[in-house]
Amino acid sequence: MPDNDAFLREQLVQLLRGGNAHVDVLSALKGFPSKLYGAKPENSPHSAWELLEHMRIALRDIWDFSTNDEYVEKKFPDDYWPATAEPPSKEAWQESVRALKEDLEAFEELIRNPDSNLYAQIPWGKEDQTLLREVLLAADHNSYHTGELVFLRRTLGAWKG
1 MPDNDAFLRE QLVQLLRGGN AHVDVLSALK GFPSKLYGAK PENSPHSAWE
51 LLEHMRIALR DIWDFSTNDE YVEKKFPDDY WPATAEPPSK EAWQESVRAL
101 KEDLEAFEEL IRNPDSNLYA QIPWGKEDQT LLREVLLAAD HNSYHTGELV
151 FLRRTLGAWK G
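If you count the sequence shown from 1, position 112 lands on 112 in my numbering, and the numbers rise without skipping.
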């Protein structure tokens, strides 16, 4: 009989990474042409930079909420989106991708840690907020915006997947 807790934790890691039913976020970002970081096709609500930064900010916020007993809630939507459609530099894009990757890895470590109680209510949360709920929220959020990112790349002619 499999260890159900370890099995669940591994499934949560896979869900957070993405890629089972669709492309994962890091693959969707890989090789994104720098000249298109700030591009917005007609009727597109967001550029790739806006989506990347939003995903990074939101994932970090969910991580902070899940792990920091001094968590301070951000103001939505202002604190969750970058101020401009274009990154200030190519390095800013690369730094954002690196930070997103690091936060995904940190979440994976937290999930895999058997001392992390997936079911206990987060004491500083409002109600019914558990690590399990926050991991599912992060995975759902990443999946939604990864889909937007791939659609944007296709619209811009920058997707070969």
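We treat Cβ as the ideally placed atom computed from N, Cα and C, and that holds for glycine.
As the structure is a computational prediction, the values presented were derived from the model and not from experiment.
Please list, in chain order, all residues of the same chain as residue i whose beta carbon is under 7 Å from its beta carbon, the five residues on each side excluded.
i       : result
His-145 : Leu-51, His-54, Met-55
Asn-20  : Gln-14
Tyr-71  : Asp-64, Phe-65, Trp-124
Do the CB positions of residue i and residue j come within less than 8 Å of each other?
i       : j      : result
Arg-133 : Val-13 : no
Ala-106 : Trp-63 : yes
Leu-220 : Leu-16 : Not covered by the structure: residue 220. The range shown for the chain is 1 to 161.
Lys-101 : Leu-26 : yes
Quick one: what's got a C-beta closer than 8 Å to residue i's C-beta in the same chain, skipping five residues either side?
i       : result
Ser-143 : Gly-18, His-22
Glu-148 : His-46, Leu-51
So, under 8 Å CB-CB, residue i and residue j are touching, yes? Tell me the CB distance rounded to an integer number of Å.
i       : j       : result
Leu-131 : Asn-117 : 7 Å
Ala-58  : His-141 : 6 Å
Asp-69  : Pro-123 : 7 Å
Ala-28  : Val-135 : 20 Å between Cβ atoms; not a contact.
Gln-121 : Asp-115 : Not really, about 17 Å apart at Cβ, beyond 8 Å.
Report all residues from its chain with a CB closer than 6 Å to the CB of residue i; omit the five preceding and five following residues, and keep chain order.
i       : result
Thr-155 : Pro-41
Phe-7   : none
Arg-9   : Ile-111, Arg-112
Lys-90  : Ser-34
Ala-158 : Pro-33, Leu-36
Please confirm if the segment 29-40 is in contact with the segment 61-81, defined as three or more CB-CB distances below 8 Å between the two stretches. no
Complete runs of the alpha helix (DSSP H) confined to the segment 35-68 [at least 4 residues]: 48-67
Three or more C-beta pairs below 8 Å linking the segment 84-99 and the segment 37-49: yes
My parser needs the alpha helix (DSSP H) runs of 4 or more residues fully inside the segment 75-123; what are they? 90-112
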